[in-house]
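Report on the following structure.
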Amino acid sequence: MQNKKHWYDGKVYGVFIDPFIRDSRKCISSLIENGSTVVDIGFGTGSLVFFLSNKCESILGIEISKKMVDYANSIKEKNNFRNVRFIHSSAEDLSKITKEKFDYAIFSLSLHEMDTTSRQNSLQEVKKIANKVIIYDYLEKYNLDAIFVEFFAGINHFKNYRSFIKNG
Numbered sequence: 008m009q010n011k012k013h014w015y016d017g018k019v020y021g022v023f024i025d026p027f028i029r030d031s032r033k034c035i036s037s038l039i040e041n042g043s044t045v046v047d048i049g050f051g052t053g054s055l056v057f058f059l060s061n062k063c064e065s066i067l068g069i070e071i072s073k074k075m076v077d078y079a080n081s082i083k084e085k086n087n088f089r090n091v092r093f094i095h096s097s098a099e100d101l102s103k104i105t106k107e108k109f110d111y112a113i114f115s116l117s118l119h120e121m122d123t124t125s126r127q128n129s130l131q132e133v134k135k136i137a138n139k140v141i142i143y144d145y146l147e148k149y150n151l152d153a154i155f156v157e158f159f160a161g162i163n164h165f166k167n168y169r170s171f172i173k174n175g
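This note's numbering numbers the first residue of the sequence shown as 8 and each following residue consecutively.
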């Protein structure tokens, strides 16, 4: 199993990044019907998963960073979220790790982190397990704030971000 490691994984992301993307959670939530089943690919700290937990029947989070999975599980246990599960895995293995079918699959600020091949494979995999796909990611080519954040996330991360902006 592949394990992606970033210097900002876990609490650092939760403190410095999550507060700035709070509005994205509201936007995504507005697209999801009550009682739905959801898979969140690249869930990070789990903030979106926890935000949706009162609205959804069940939510499965898939994350390639073990540190993020551990961080989200610690929040889950402290707050007793019962309809939430987290799995350390790649989105490219979705149909191998679950036979469940979901109403929605969500990619929230995760596709731009993947290289082109992983991005394409992940999208193909999600089509096998979800009825609808919600993608929330960058659109603008010259957003200086995003460029700054993505650059400091690391060289490979920045390279994948640039590829995503260029190619979608």
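Cβ coordinates follow ideal geometry from the N, Cα and C atoms, glycine included.
Burial state of residue i (16 or more Cβ within 10 Å)
i	result
N174	exposed
W14	Legend: pLDDT at W14 = 46, less than 50; position of this residue unreliable, value from coordinates given subsequently. Under this definition W14 is an exposed residue.
T52	buried
For residue i: DSSP bridge partner residues
i	result
S115	Y143
F57	Partner(s): none; F57 has no beta bridge.
Cα-Cα separation, residue i to residue j
i	j	result
L116	F88	23 Å
K74	N163	18 Å
K134	V140	8 Å
D144	G49	12 Å
N41	I69	21 Å
L130	Y111	13 Å
A98	V76	14 Å
I71	I142	18 Å
T124	L118	11 Å
K62	S43	8 Å
Helix, strand or coil at residue i [DSSP, three-state]
i	result
S31	helix
I66	strand
W14	Interpretation of W14 is limited by its pLDDT of 46, a score under 50 that renders its predicted location unreliable; the figure taken from the coordinates is listed afterwards. The answer is coil: DSSP assigns W14 none of H, G, I, E or B.
K173	helix
R92	strand
T44	strand
Cβ-Cβ separation, residue j to residue i (assumed contact under 8 Å), whole Å
i	j	result
F109	A137	5 Å
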